[in-house]
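Take a look at the structure below.
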Amino acid sequence: MMAFDTERARFNMVEQQIRPWDVLDKRVLDTLFKIPREQFVPSEQRQFAFSDTALPIGHGETMLPPVVEGRILQSLAVAPNERVLEIGTGSGFFTACLAHLGQSVHSVDIHPDFTQSAAEKLAELNIDRVVLETGDAVNGWASNERFD
């Protein structure tokens with residue numbers, strides 16, 4: 003049996019799924035090549051990390067399909083000097099992408115295990131321009147921060 007080629011799968015994800023969906027922004031495509039999506043996918047789902055499907059991550063939440071993540075990142079057009087507020091850290095993959103594109107990210111999630119897991123994964127990848135917080139951003143989360 004052949005070993006799974008992660009780099010080939012990532013290349014195919016970007017070139018055969020994301021780019022054909024009119025995600026053409028070079029910074030976004032570079033980000034999706036650079037951030038290892040498979041490291042943010044639950045271990046039992048890892049073989050599907052590059053598939054064009056939503057992946058369950060717990061608490062009834064899912065990671066968005068890569069094509070949707072690419073379109074959202076392109077639509078946001080995060081500039082290198084922008085501070086981003088993300089509501090819903092989830093797996094932390096999108097957080098990592100936002101941090102790669104912008105100056106910094108402040109991400110809030112209602113699930114402490116999501117916050118903890120994302121913190122561990124971001125630290126493993128030396129992504130340090132992120133502040134993670136557990137809180138309910140919909141119902142009275144208090145912050146004096148300003149975001150772009």
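Convert by adding 2 to the 1-based position in the sequence shown; the result is the number in my numbering. All C-beta atoms, glycine included, are put in the ideal place defined by N, C-alpha and C. Because the structure is a prediction, the values reported are computed rather than measured.
Exercise. Would T55 be called buried (16 or more neighbouring beta carbons within 10 Å of its own) or exposed?
Worked result: For the purposes of this step, residue 55 is taken as residue 53 along the sequence shown, with counting starting at 1. With fewer than 16 Cβ atoms within 10 Å of its Cβ, T55 is classed as exposed.
Exercise. Are A120 and L134 close, meaning C-beta to C-beta below 7 Å?
Worked result: Counting from one through the sequence shown, the residue named residue 120 turns up at place 118. Counting from one through the sequence shown, the residue named residue 134 turns up at place 132. Contact flag set, yes.
For this session: Sort V132, L103 and P38 by Cα distance to K28 and report the nearest one.
Result: Counting from one through the sequence shown, the residue named residue 28 turns up at place 26. With distances taken between Cα atoms, K28 lies closest to L103.
Exercise. Along the chain, which unbroken stretches of the alpha helix (DSSP H) at least 4 residues long are found entirely within the stretch 44-131?
Worked result: 68-78, 95-103 and 114-126
Problem set entry | Host alpha helix (DSSP H) of R12 (start-end) | Counting from one through the sequence shown, the residue named residue 12 turns up at place 10. That run of the alpha helix (DSSP H) goes T8 to N14.
Problem set entry | Alpha-carbon to alpha-carbon, T117 and E17 | Position 15 of the sequence shown, counting from 1, holds the residue named residue 17. Position 115 of the sequence shown, counting from 1, holds the residue named residue 117. Cα to Cα, E17 sits roughly 31 Å from T117.
Exercise. Using a C-beta cutoff of 7 Å, does E135 count as contacting chain B?
Worked result: Given the protein chain composition of this structure (a single chain), no chain B is represented.
Exercise. What is the residue span of the alpha helix (DSSP H) that D32 lies within?
Worked result: For this step, residue 32 is matched to residue 30 along the sequence shown. Segment K28 to K36, the alpha helix (DSSP H) holding D32.
For this session: Could you check if N101 is buried or exposed, using at least 16 other CB atoms within 10 Å of its CB as the buried criterion?
Result: Walking along the sequence shown from the start, residue 101 turns up at place 99. According to the sequence provided, residue 101 is Ala. The question's Asn does not apply to it. Label assigned to A101: buried.
For this session: Leaving aside the five residues before and after M65 along the sequence, list all residues of the same chain whose C-beta is less than 6 Å from its C-beta, in chain order.
Result: Stepping through the sequence shown from its first residue, residue 65 is reached at position 63. Answer for M65: L57, I59 and S93, listed in chain order.
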